[in-house]
């Protein structure tokens, strides 16, 4: 058990150190990266049974490494680094499932932390901050109640908790608020971690009650249209990415309602979506850290002035659209459109979700990358660490696309 | 409503105002006769820098190259820092202040800003960078220092004061776009482009607009009723029905609706023209061409304005009421700005990306909640937001100042910590210095630096060669007879060829305007239309036709059959492609056949070109021709008309009555002719010998001859008039030759062969082909002019007259016509049948030497082409040939790019120099021009042409998007008059990107023309005082002028204040060396 808890311990210590040494950003970053590498090594050495049985925690640690790598070296980035490590530690604890109590406690502390963070970092969008805090509070209370009550009520509480983390309308505001308001690359990390946390909460539900299933059908459809409509009028890049994420994850709830539970193939899809959204969020962070929080229309021509970003963003968009060779295609699009497996209603819903995502993502791509660059912006392309982070994510997506079994193994 | 009594006066006023406003756009000739022109030609009454400023305000065009390109040249060593200092010291007074314990002078500040620059990001980016800057505390310290002297209120007040609507800077609909972030002007421009392209079509469209004779405005009124106009606002439908029939009256009404008074109308019209400058330029040109065939469908800028204002009025009314709650007119907009300055500033900042995403969202929410852009509502919506916005604007301004000061300190190696402790007044002074040295001022300095570098290098070389030239003259006395003389156009592309030709033999080359003083309307053998082979600003009466030589007359029939066959095939193929249904079938049945030429001309263009020529010649065998240089007398012309009529009647009879030529009685032909001409009455004629015996049928036959064969008094008169215009009288010929020879200084020491070498170009799939041909010949090849000149100069009568006037051309001198192809460096010699046998050896030698010079020129040319680079000795000729045949080649040659100077003087002055194809060369001998008339001609005419070419290249380089034609990749030929980028949009005037740019950097160095004249200064001054055009050029700094004193070879520069400045040679260089990188 001690060896299983070792990664979390490393993570907490590193987080504390990052916070204490936040005035020296370079040292903090190096220390954090070293901690992540150590965690990876421990994870592989102690907890994997074979080369193939790499776990979701490994992926989470890898994502933390990627997000920290992508951070700038300044004082505010050091705080983000500390947060990422702390969240990673808590996530490792509950994903490990070492002890049900520890797991529940870790989940609860994670959710509480997110509530506090939502409230603390609400300045960027106050209403969204409050909404996010409220939704996460509901998630936290639901988790608590699910431990106290039994039977159907416990299941409903569990599902409610999951619905905040694996965003489902109307509780998706928690997810969107966190992605929009938190500093540094924390949103990128959370965009991967939150769905996994929600996935973890949902797989514990043996069977979804029929009434809940019908409720999902209604909420996913409404959520699809409302999220889509809101996203089309947004001007902020991160808002749109968050909306795309919630639309991409909507089919999961639809399938859940149809099948009565969450299947393993849906798990690999959630991870793939998490990777894509994390990549897009990192791109958004690269843009914001250079140019401030401007509307999309104020940032044209990035393909010409930031070609590396242009390539990475385009590839991630293609991955998000489910283009072959990338993980989303193999994990979801292909199985969904298999004539033996899918129902007409499933096909219709997935197609609708896909079209809305397509329109959103292509619109963002066009507005951000093309048109004439502005003369009054000082452009600078991705540096090595940022490019490496995005490259790692793209490689993971490619592996997931070419070897879908790898993704599947993660979630068994 | 207009008062009846002053209606005409109003109309005249509108026309005058439109004409005045059209100064901002220069005329644009159709692309088939591309003319290099100065896009700011009508602003030459202003100083150059003021003119580019004005255009910058109206069109948003760049005035100079981006600073980064100049800095790169400095890094590469092409510009010396000493030159920068020299130019800066002329423009900067010697001021200094003490900052952070150091004395800082203005010159150093300007030098550092110029060379290194201080980058200032936009406000949201600045805030982001500020927050993470390691020197944030120091920067905050500077801001605190500044705050003590500058209050936020003052900053806001100054911003509010600058929030005015400048009617000359933008149209009202343009203002709406900038304020509300809409795209209405682009939409309007597209619609107008559609109307213009359709109306101005010159034969490209398969279905052309009907009833174009009514005029543009009337057509629009008539046909706009048939389309859906709802997207343009509810009023446009009523406008198209109710606006007056006269466009001037419509404009008066629309201006009243827009509340634009007469004193503002000129600026407003200028803004309208500037919105779609390409079409406006073309319309301006076309409306000035009364004799132009297509102006049968009349259009002018007033009609264009009327249509444009109608759309604008309607759209403005709709958008202003909906989004601003005001009427759509000038006064309402002005009042809105005055009443809501802060809201206006915020809206502008939002649309220029100066607001953060959060601020944008808050602003949008505040505006949309009440749909009123009024500050009272803003306050109600979010009082915190508006309360903070003033502070934020003020703080941003101070942060910008601090950022720039920090940047300056880094450049001057001043400790920033010390700076933050400096007095606020000193900081503000530094900041003022930064503000004074704006982008515009920096651009002026860079331009002057580059010009100074170029001029100094050229002056150094010219000084040496001028002194050497004087030495040679004083030693040699009478020059020995050259092997041959060759007269080329003054085009910069001829300079390398001339240099290489002189290097391969004892050749003397001269430069003269490419039309060789022959103002001719030329009708080639194959064409039904006449070409204007003279500068476009001139007019000509003399016509010259190309006719088959007598011994090839018999082949004409075969030739014409071949020509008609090829023409028919082309027309059939074109119809198959252009029809609605047939393309579907054509592609299926003939598509495969197109694969062969497609592949061949893509991968083997030279072979394809030869194959094409062979095929054409096998069907349409070429025949030898001559030109009708001599004018026919009246009797001869009348006889020719009669003979032609008889010939036509004979052909007609043979075809109609299926008779052989031998069966036709010549007297019957004459009888029919006289009947058709009205010289005989049918009742008096004996019909027995005629094809028709019946008098009624004979009457019909005669009518048919009159109607279809033009055998009538009117037809005969037209034919006679054309014939009498054909050719030149002896006096005209003598005048032409004498003037030309005197102007180029060739009045003695004639060689055995004098080659009159015009120039043309060769390229494929190139709408800008005409731009590569001879501009002096109206954008055509100049061979017709060369042939005419040579023919005149070889005539004995002409030479006898010339001898009486003092120009004695030896009997053994033969004038030979030729044409130099600037794309592949070959010279085609013309009319070789006429060369006397005594000159065979000279001709053979000349032909060989021309080929050798061509190869050397190709090698030099290839070294400058970016996709070749380096030197390729043996393949150069083949490479240039290939480029000229390659349909995918967007840059067959550089054309006139890199032009920079114009030398008017004897060849001895420039012969030793390698001018790298950058200089126009016009031969001129001041010793024979005692009264200055020849120089006057050169300075007022030839120099104007050079200045137009120079300015066209300048502006196309500094801002290819506005003044140039953009990339050729996206071009679509439209209406047969020009090109557009994409499927719809403005007509692209100016030069394409590939002509002036080399990737992201410029190939053409945008410098103002430097004219160097070898003549006494007094003579030049006299001419300047006499001609306004010269005063504009030199006093308004459009052209630099340098005089080479003939007696001592010293160079003097003419300053804008009318004084002369003696130029010093900077370093002694060998006169035989090439001029170096700066030329």
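Chains as they are written, first to last, in the working numbering: chain A, 4 to 415; chain B, 6 to 1084. Ideal Cβ placement from N, Cα and C applies to all residues, glycine included.
Straight-line gap, residue 28 (chain A) to residue 237 (chain A) (C-alpha atoms, nearest Å)
One alpha carbon belongs to residue 28 (chain A), the other to residue 237 (chain A), and they sit about 33 Å apart.
Can you pull the DSSP bridge partners for residue 548 (chain B)?
For residue 548 (chain B), which the question treats as bridged, DSSP gives the partners B:526 and B:731.
CB residue 846 (chain B) to CB residue 492 (chain B), shorter than 8 Å?
Result no, Cβ atoms of residue 846 (chain B) and residue 492 (chain B) do not sit closer than 8 Å.
Any 3 or more C-beta pairs closer than 8 Å across the stretch 687 to 702 of chain B and the stretch 735 to 753 of chain B
Fewer than three Cβ pairs drawn from the stretch 687 to 702 of chain B and the stretch 735 to 753 of chain B lie within less than 8 Å of each other, which leaves the two stretches out of contact.
Please return the same chain residues whose Cβ sits closer than 7 Å to the Cβ of residue 7 (chain B), not counting the five positions on each side in sequence.
Confidence at residue 7 (chain B) is low in this model, with a pLDDT of 49, below 50, so the placement of that residue is unreliable and no value is reported for it.
Would a check of beta-carbon distances place residue 135 (chain A) closer than 8 Å to chain B?
Under the Cβ criterion of 8 Å, residue 135 (chain A) is not counted among the residues facing chain B.
For residue 132 (chain B), which residues in chain A fall below 8 Å Cβ to Cβ?
The answer, in chain order, is 295.
Are any of the Cβ atoms in chain B nearer than 8 Å to that of residue 379 (chain A)?
Using a CB distance cut-off of 8 Å, residue 379 (chain A) counts as an interface residue toward chain B.
Looking at residue 745 (chain B) and residue 517 (chain B), is the spacing between their C-beta atoms short of 8 Å?
Annotated as proximal: residue 517 (chain B) and residue 745 (chain B), with beta-carbon spacing under 8 Å.
Sorted by chain position, which residues of the same chain lie with C-beta nearer than 6 Å to residue 22 (chain A)'s C-beta, five sequence neighbours on each side aside?
Taking residue 22 (chain A) as the centre and dropping the five residues before and after it, the same chain places the C-beta of 85 closer than 6 Å to its C-beta, in chain order.
Taking 8 Å as the threshold (beta carbon to beta carbon), is residue 313 (chain A) in contact with chain B?
Answer no: the Cβ-Cβ gap between residue 313 (chain A) and chain B never drops below 8 Å.
Evaluate residue 226 (chain B) with the Cβ neighbour count: other Cβ atoms within 10 Å of its Cβ, from every protein chain shown; 16 or more gives buried, anything less gives exposed.
Buried, by the Cβ-count rule.
Residues of chain B with CB under 7 Å from residue 127 (chain A), in chain order?
What residue 127 (chain A) touches in chain B: 363.
Is residue 181 (chain B) helix, strand or coil by DSSP?
Look at residue 181 (chain B) here: in three-state DSSP terms it is helix.
Under the three-state reduction of DSSP, which class applies to residue 490 (chain B): helix, strand or coil?
Reduced to three states, the DSSP call for residue 490 (chain B) is strand.
To be precise: take each residue of the stretch 595 to 625 of chain B, compare its Cβ to all Cβ atoms of chain A, and keep it if any distance is under 8 Å. Which residues remain?
From the stretch 595 to 625 of chain B, no residue has a Cβ closer than 8 Å to chain A.
Count Cβ pairs between the stretch 126 to 136 of chain A and the stretch 178 to 185 of chain A that sit closer than 8 Å; are there 3 or more?
The stretch 126 to 136 of chain A vs the stretch 178 to 185 of chain A: in contact.
Look at the Cβ atom of residue 313 (chain A), then the Cβ atom of residue 322 (chain A), and state whether they are nearer than 8 Å.
Taking 8 Å as the Cβ cut-off, residue 313 (chain A) and residue 322 (chain A) do not qualify as a contacting pair.
With 16 other CB atoms within 10 Å as the buried threshold, where does residue 522 (chain B) fall?
So residue 522 (chain B) ends up on the buried side.
When you check each C-beta in the stretch 72 to 92 of chain A against every C-beta of chain B, which residues fall closer than 9 Å?
Here the close residues are 75, 77, 78, 79 and 80.
Given this structure, state the Cα-to-Cα distance separating residue 298 (chain A) from residue 291 (chain A), to the nearest angstrom.
As the crow flies, the alpha-carbon of residue 298 (chain A) is around 10 Å from that of residue 291 (chain A).
Examine chain A for any beta-carbon lying closer than 8 Å to the beta-carbon of residue 1066 (chain B), and answer yes or no.
The C-beta of residue 1066 (chain B) comes no closer than 8 Å to any C-beta of chain A.
Given residue 898 (chain B) as reference, the closest of B:199, B:1009 and B:926 once Cα atoms are compared
Comparing Cα-Cα distances from residue 898 (chain B) to each of B:199, B:1009 and B:926, the minimum goes to B:1009.
Backbone secondary structure at residue 265 (chain B) - three-state DSSP:
Look at residue 265 (chain B) here: in three-state DSSP terms it is coil, with no helix or strand label.
Given a threshold of 16 other Cβ atoms within 10 Å of its Cβ, counted over all protein chains shown, does residue 274 (chain B) qualify as buried or as exposed?
With 16 or more other Cβ atoms within 10 Å, it is buried.
What is the DSSP secondary structure of residue 752 (chain B), counted as helix, strand or coil?
Of the three classes helix, strand and coil, the one that applies to residue 752 (chain B) here is coil, per DSSP.
Count the other CB atoms, across all protein chains shown, that sit within 10 Å of the CB of residue 369 (chain A); report buried if there are 16 or more and exposed otherwise.
So residue 369 (chain A) counts as exposed.
Whole-Å CB distance - residue 135 (chain A) paired with residue 176 (chain A), under 8 Å assumed:
Indeed they touch by this definition, with Cβ atoms about 6 Å apart.
Hey, is residue 969 (chain B)'s beta-carbon within less than 8 Å of any beta-carbon in chain A?
Contacts with chain A at 8 Å (Cβ-Cβ) do not include residue 969 (chain B).
From the DSSP output, read off the bridge partner residues of residue 986 (chain B).
Paired residues: B:976.
Nearest by alpha-carbon distance to residue 59 (chain A): which of A:195, A:9 and A:308 is it?
Nearest of A:195, A:9 and A:308 to residue 59 (chain A), Cα basis: A:195.
Is the beta carbon of residue 999 (chain B) less than 8 Å from the beta carbon of residue 785 (chain B)?
The beta carbons of residue 999 (chain B) and residue 785 (chain B) sit no closer together than 8 Å.
When you check each C-beta in the stretch 162 to 196 of chain A against every C-beta of chain C, which residues fall closer than 9 Å?
The structure shown contains no chain C; the protein chains it does contain are A and B.
Taking only three categories from DSSP, how would you classify residue 183 (chain A)?
In the structure shown, the three-state DSSP call for residue 183 (chain A) is helix.
Mapping DSSP to helix, strand and coil, what is residue 1076 (chain B)?
Model confidence at residue 1076 (chain B) stands at a pLDDT of 35, short of 50, so the residue's coordinates are unreliable; what they give is reported in the following sentence. Coil at residue 1076 (chain B), not helix or strand.
With DSSP as the reference, label residue 622 (chain B) as helix, strand or coil.
If DSSP states are grouped into helix, strand and coil, residue 622 (chain B) belongs with the helices.
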